[in-house]
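Working notes for the structure below.
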Amino acid sequence: MSNTRKLRTPWQNSKLKLTAKMAEVKLFRTWSSPLALRIIWALKLKGVPYETIYEDLSNKSPLLLQYNPIHKKVPVLVHNGKPIVESFVVLEYIDETWKENPLLPEDPLERAAARSWAKFGDDKVLPSIWESFTNEGKEQEEAIVEAKENLKYLEEEQKGKKFFGGEKLGFADIALGWLAHYESVFEDVAGMKLLTEEEFPLLSAWKLTFADAPIIKDNWPSRDKLVAKFQATREDQLLKKAPK
């Protein structure tokens, strides 16, 4: 009986390595988390299969507390039993682990710019829109002014571009992608106007282009469910801020 082994082709070796890397990919998330959507979009873009574990943050599972004992929040990506936390850290891990369809450009300056816009979105844009959404009266008006000032920077950055990185959907788009769905939910629930086509034509066009990409539009949570959830959230926030 022959003991010779059949040699694998380079393509077969590459496929085996990719399969090994894809093994045991799990995503801990809530159904409504815009930060978890970033991870979903990145995994879909890379063609990485994964298992979803939905969490109830009012009754966190032992596994979530085990994988993220410091922050105790989602999203958490688990790859071969090892947890990766914080959405931007997870995005970069995905990009470095699965090379197909890179999220970040090769040029160091362009990579830095993508990271900067992503951070601006979380540090400035999201908090100012949230303040607009969870306030009323004068406080809401002031928050809307600040939110629009932040959106103007994004509008300026969109000049001459299809996506924030150019012609291809990338890291900054995924980081800011919640704007394409959640922002209008906040507007409708709070009865306010923020990101209008008249004031922000380029950003509005980006929203439509981004939301129409197959991996994006196929993975949005139900708008009706989001409206119901954030109506309750707004009422709760206003009650907490009401004078005692």
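Residue 99 in the UniProt record's numbering is what sits at position 99 of the sequence shown, and the numbering runs on without skipping anything.
Positions of the beta carbon are idealized from the N, C-alpha and C atoms, including for glycine.
A172 and G165 closer than 8 Å at C-beta
yes
Tell me whether E224 is buried or exposed, calling it buried when 16 or more other Cβ atoms sit within 10 Å of its Cβ.
Here the sequence assigns Asp to residue 224, which means Glu is not the residue at that position. Classification for D224: exposed.
Element boundaries [alpha helix (DSSP H), containing K161]:
Run containing K161: none; DSSP gives neither H nor E here.
Which of helix, strand or coil does DSSP assign to P49?
coil
In the DSSP assignment, find the beta strand (DSSP E) that holds V76 and state where it starts and stops.
76 to 79
Would you mind working out which of K60, W41, A228 sits nearest A190, comparing C-alpha positions?
A228
For F210, name the three-state secondary structure that DSSP assigns.
helix
For G109, three-class secondary structure by DSSP:
In the sequence under discussion, the amino acid at residue 109 is Leu, which differs from the Gly named in the question. The answer is helix: DSSP assigns L109 an H, G or I state.
For I94, three-class secondary structure by DSSP:
helix
Residues sharing a beta bridge with F28, DSSP
I53, V76
Please classify P127: does DSSP put it in a helix, a strand, or coil?
helix
Can you give the beta carbon distance from K124 to N150, rounded, assuming they're within the 8 Å contact cut?
5 Å
Going by DSSP, what residue range makes up the alpha helix (DSSP H) through L83?
The question names Leu, but residue 83 is Pro in the sequence shown. Premise fails: P83 lies in the beta strand (DSSP E), 82 to 85, not in any alpha helix (DSSP H).
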